[in-house]
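Peer 1:
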Amino acid sequence: MNYGEEDSEPLEHLNCSTETQNFTIHLCTILEKFVDFSNISHQYSKKHAYAERSHFVQNVFPVITNFTHSSVANYLALRYIIAHLDDLSHFFRVLKLSHPDMIPLNADHKIGLSKWEHCTEWISRYMSYPLGQVYVRKRLSEKHMEDIRGIVRTFIQDAGYYILKQRWMKKNMRKKFVTSIENLKNSIEHYVNFLRNGTKFSFYMEDFHPKNESFLENAMDYRKLTFRFYLLNFRALEDEDFPTDPFIVNAYHSPGILDLRFGIFLPPVYQYGRPRLLNIATMGTTIGHELGHEIVAFLEDPENFENDTLQIYNEKKKCLEDQYSNFDVKKIGQKVKGKQTIHENLADLIGIEITQQIITRFLQRGNGNRFLLPALDFSTEQILYVSLAQMWCSVSSKEKEQLHHDRDVHAPSDIRITGILRNLREFSEAFGCIPGSHMNPIDRCAFRLRS
1 MNYGEEDSEP
11 LEHLNCSTET
21 QNFTIHLCTI
31 LEKFVDFSNI
41 SHQYSKKHAY
51 AERSHFVQNV
61 FPVITNFTHS
71 SVANYLALRY
81 IIAHLDDLSH
91 FFRVLKLSHP
101 DMIPLNADHK
111 IGLSKWEHCT
121 EWISRYMSYP
131 LGQVYVRKRL
141 SEKHMEDIRG
151 IVRTFIQDAG
161 YYILKQRWMK
171 KNMRKKFVTS
181 IENLKNSIEH
191 YVNFLRNGTK
201 FSFYMEDFHP
211 KNESFLENAM
221 DYRKLTFRFY
231 LLNFRALEDE
241 DFPTDPFIVN
251 AYHSPGILDL
261 RFGIFLPPVY
271 QYGRPRLLNI
281 ATMGTTIGHE
291 LGHEIVAFLE
301 DPENFENDTL
311 QIYNEKKKCL
321 EDQYSNFDVK
331 KIGQKVKGKQ
341 TIHENLADLI
351 GIEITQQIIT
361 RFLQRGNGNR
371 FLLPALDFST
381 EQILYVSLAQ
391 MWCSVSSKEK
401 EQLHHDRDVH
411 APSDIRITGI
421 LRNLREFSEA
431 FGCIPGSHMN
441 PIDRCAFRLR
451 S
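The opening position of the sequence shown corresponds to residue 1 in UniProt numbering, with each subsequent residue numbered one higher.
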């Protein structure tokens, strides 16, 4: 039996109802104490469980038995304190910051030196669901939602127009494709309604009673409460397709579904009241990208392609793969893995072309869609590209960059944005890039034109 996840190990059945081996006795004791301590015996058995990495357990218990109980307790207390230094006072947070080796390489949150910074970071990280409920109920009005729905509809409709203009595809294929795009479902209503009306998560907050005396104690009480809640309600929550962090700025592709997460409809990606074209530009890198995945999935389905179309499609893929394989990841002195990242790069390219199509149409309607910023000598087009590019701003260490390069199917953020914009003729024209320069190459890759 396995989790079915990459890098997971087989789960071994632990049967505590029969005579057990030495190392299994320890596991059965832990299981029994855990069920009793968590007060979950009405739902979970003390006699049966599945254990992962049982070989580790076999090795660790003989080591532990060589130490006294007080030594083991002191060690666990030390590890506990080290793991929660940033939940303690200012002195301990400074101590952790002064020893970078204590911060995991893949840490995705910062340690705030001041109490308010740390408190804000902690609530955003661990209490994101109740925070999301408060945000939706207080800040996301029906006017906001109608505006968001309109933008999503615009992208889906334009994806259909975009496909119809691809003359390198056979006409019957384009028509079938457009029907598929028009029938796309999106998940934004589901997530917003879940936050606005959801009750499965609401009631457990009634048992959380924070105190002023100790932030660490509050943090531990909340984590224990949350852990027990998920443990007792796991089966009831299996059907709930909701991210752990509702504020996550991301989207995912599933065939026939535009899975847009709640975070892309919050500032700075989306902001109610600013020019709609600006929201379209900043949201385009996400919504357009996922539409790009839908288009790629359609083209790579053997039921849909014809030999001539497939040949042209593969030429476009090869152009992009070769182009990205020549981009330098300067921080680690290596090239982008063009083959490893090809599908994400292709989705990026299609996404920016759809976004550009919308921008061009809006601007051609007249000056009503144009806007400028005070004291900045930028045209509307330049402001849109700058805003779009800002969505990819990020900083990472050399070690994290190497890890990303080795394992991730996405190119680094800076290369993702420069890669798609250098292939966009409209960008080069807006900024007057010199022909033959990096951002205005002689040879471009494109999906919307035959390369």
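Glycine is no exception: its CB is placed at the ideal position from the N, C-alpha and C atoms.
(1) I'd like to confirm the pairing. Which residues does DSSP put opposite Ala-49 in its beta bridges?
(2) Which full runs of the alpha helix (DSSP H) of 4+ residues lie inside the segment 173 to 214, going along the chain?
(3) For the beta strand (DSSP E) containing Tyr-253, name the first residue and the last one.
(4) Classify Phe-91: buried if its beta carbon has 16 or more other beta carbons within 10 angstroms, exposed otherwise.
(5) Looking only at its own chain, which residues have a Cβ that is under 8 Å from the Cβ of Thr-24, when we skip the five neighbours before and after it?
(6) Would you mind sorting Gln-133 into buried or exposed? The rule is 16 or more other CB atoms within 10 Å of its CB.
(7) Between the beta-carbon of Ile-358 and the beta-carbon of Ile-264, is there less than 7 Å?
(8) For Ala-446, I'd like the list of residues in its chain whose CB is within less than 7 Å of its CB, leaving aside the five on either flank, ordered along the chain.
(9) If you compare alpha carbons, which of Asn-233, Asn-307, Phe-247 and Pro-268 is closest to Tyr-126?
(10) Let me confirm a value: Asp-86 is counted as buried when at least 16 other C-beta atoms fall within 10 Å, else exposed. Which label applies?
(11) For Leu-384 and Asp-414, what's the separation of their Cα atoms in angstroms?
(12) With DSSP as the reference, label Asp-245 as helix, strand or coil.
(13) In three-state terms, what does DSSP make of Val-395?
(14) Do His-289 and Asp-245 have their beta-carbon atoms positioned less than 7 Å apart in this structure?
(15) Pull up the distance between the alpha-carbon of Pro-275 and that of His-118, whole angstroms please.
(16) DSSP three-state call for Leu-140: helix, strand or coil?
(17) Going by DSSP, which residues form a beta bridge with Leu-376?
(18) Within this structure, are the beta carbons of Gly-150 and Ile-181 separated by less than 7 Å?
(19) Find the nearest neighbour of Arg-53 within the set Gly-273, Leu-27 and Tyr-272, judged by alpha-carbon distance.
(20) Does the count of Cβ pairs from the segment 315 to 325 and the segment 376 to 393 closer than 8 Å reach three?
(21) Considering only the alpha carbon of each residue, which of Gly-256, Leu-231, Leu-376 and Pro-268 lies closest to Val-249?
(22) If we count the other Cβ atoms within 10 Å of its Cβ and call it buried at 16 or more, is Glu-5 buried or exposed?
(23) Which of the three DSSP states, helix, strand or coil, is assigned to Val-409?
(24) If you run the structure through DSSP and keep just helix, strand and coil, what is Asp-36?
(25) Looking only at its chain, what residues have a beta carbon closer than 7 Å to the beta carbon of Leu-277, apart from the 5 residues adjacent to it on each side?
(26) For Asp-259 versus Tyr-252, is the C-beta spacing smaller than 7 Å?
(27) Using 8 Å as the threshold, is the segment 162 to 179 in touch with the segment 298 to 310, meaning 3 or more CB pairs across them?
(28) Please report the residue range of the beta strand (DSSP E) in which Asp-322 lies.
(29) Considering Cα atoms alone, identify which of Pro-62, Phe-427 and Trp-392 is closest to Pro-412.
(30) When the Cα of Lys-115 is compared with those of Leu-421, Glu-12, Met-283 and Asn-212, which residue comes out closest?
(31) What is the residue span of the alpha helix (DSSP H) that Leu-424 lies within?
(32) Just the C-alpha distance for Met-283 and Ile-156, rounded to the nearest angstrom, thanks.
(33) Terminal residues of the continuous beta strand (DSSP E) containing Leu-78?
(34) Apart from the five residues on each side of it in sequence, which residues of its chain come closer than 7 Å, Cβ to Cβ, to Leu-388?
(35) Measure the C-alpha to C-alpha separation of Phe-215 and Val-72 and round it to an integer number of angstroms.
Peer 2: With the structure as the only source:
(1) Answer by DSSP bridge pairing, in chain order: Leu-14.
(2) List check, alpha helix (DSSP H) in window: 188 to 197.
(3) What sits at residue 253 in the sequence shown is His, not Tyr. Judged by DSSP secondary structure, His-253 falls within the beta strand (DSSP E) whose first and last residues are 251 to 254.
(4) Under this definition Phe-91 is an exposed residue.
(5) So the list reads Leu-14 and Cys-16, once near-sequence residues are dropped.
(6) Around the beta-carbon of Gln-133, 16 or more other beta-carbon atoms lie within 10 Å, marking it buried.
(7) No, the pair does not count as a contact, with Cβ atoms beyond the cut-off.
(8) Once the five neighbours on either side are set aside, the close Cβ partners of Ala-446 are Asn-423.
(9) Nearest of Asn-233, Asn-307, Phe-247 and Pro-268 to Tyr-126, Cα basis: Phe-247.
(10) Asp-86 comes out buried.
(11) If I take the Cα positions, the gap works out to 17 Å.
(12) DSSP places Asp-245 outside both helix and strand once states are collapsed to three, so it counts as coil.
(13) DSSP, reduced to helix, strand and coil, places Val-395 outside both helices and strands of the structure shown, so it counts as coil.
(14) Taking 7 Å as the Cβ cut-off, Asp-245 and His-289 do not qualify as a contacting pair.
(15) If I take the Cα positions, the gap works out to 34 Å.
(16) Correct three-state label for Leu-140: coil.
(17) Note: Leu-376 sits in no beta bridge, so no partner.
(18) No, the pair does not count as a contact, with Cβ atoms beyond the cut-off.
(19) The candidate whose alpha carbon is nearest that of Arg-53 is Leu-27.
(20) Taking 8 Å as the limit for Cβ pairs, the verdict is that the segment 376 to 393 does not touch the segment 315 to 325.
(21) Nearest Cα to Val-249 within the set Gly-256, Leu-231, Leu-376 and Pro-268: Pro-268.
(22) Only weak support exists for where Glu-5 lies, its pLDDT of 41 falling under 50; the coordinates are left without a value.
(23) Val-409 falls in the coil class under three-state DSSP.
(24) If DSSP states are grouped into helix, strand and coil, Asp-36 belongs with the helices.
(25) Counting only residues of its own chain and dropping the five nearest sequence neighbours on each side, Leu-277 has a CB closer than 7 Å to the CB of Ile-359, Phe-362, Asn-369 and Leu-384.
(26) Cβ distance < 7 Å, so Asp-259 and Tyr-252 count as in contact.
(27) Three or more beta-carbon pairs drawn from the segment 162 to 179 and the segment 298 to 310 are found closer than 8 Å, and the two stretches are therefore classed as touching.
(28) That residue, Asp-322, is in no beta strand (DSSP E); its alpha helix (DSSP H) goes 307 to 325.
(29) Nearest in C-alpha terms to Pro-412, of all of Pro-62, Phe-427 and Trp-392, is Trp-392.
(30) In terms of Cα proximity to Lys-115, the closest of Leu-421, Glu-12, Met-283 and Asn-212 is Asn-212.
(31) Taken as a continuous stretch (DSSP letters only), Leu-424 belongs to no alpha helix (DSSP H), as it is neither H nor E.
(32) Whole-angstrom Cα-Cα distance: 13 Å.
(33) First-last for Leu-78: 69 to 83, but that is the alpha helix (DSSP H), not the beta strand (DSSP E).
(34) Within the same chain, Leu-388 has close Cβ partners Ala-281, Thr-282, Gly-284 and Thr-285.
(35) If you take the alpha carbons of Phe-215 and Val-72, they lie about 26 Å apart.
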